[in-house]
Amino acid sequence: MPSEPIRVIAAAHRIRLTPEDTGDPRAVPVIISAPPPARHHNLFAIQPGGPYPTGGDSGFLLSDGSFATREEAARIAVDAGQVRPNDMHVIGSLYSEDLW
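Note that this note's numbering gives residue 415 to position 93 of the sequence shown, counting from 1, and the numbers run on in steps of one.
Here it is as structure tokens:
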């Protein structure tokens, strides 16, 4: 049986926690997300004191549990039929407004 295509399922931030940054040897990078219709700005309420994502660390959670940048998620969403390229606010870069 063929597997389902990977889909974009939620806005997400990747937070690159490290033992050096936190002083805790157990620290690992984490993905913070919330289910639709949450947008990226809603995720800041989850972490009001930071740390905050920068650049490629603002993206999306995928159906396989992995993180994708806005650019990677745009390609995935188009391939999965979730959005048409010309309907995106910024062609080639996915925003939650493009999906929900």
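No residue lacks a Cβ here, since even glycine has one placed at the ideal position from N, Cα and C.
- Of all Cβ atoms in chain D, is any one closer than 8 Å to the Cβ of His-335? Of the protein chains in the structure, only one exists, and it is not chain D.
- Query: Is it true that the stretch 403–422 meets the stretch 360–372, where meeting means three or more beta-carbon pairs spaced less than 8 Å apart?
  - Reply: yes
- Message: Residues in the same chain with beta-carbon distance under 6 Å from Ala-396, minus the five sequence neighbours each way, listed in chain order, please.
- Response: Gly-414, Ser-415, Leu-416
- Query: CA-CA distance, Arg-351 and Asp-409?
  - Reply: Sequence inspection shows Pro at residue 351; the Arg mentioned does not correspond to that position. When rounded, the distance between both Cα atoms is 32 Å.
- Message: My output table needs one value for His-353: the three-state DSSP class, helix, strand or coil.
- Response: It is Ile, not His, that sits at residue 353 in the sequence shown. Three-state DSSP puts Ile-353 in a strand.
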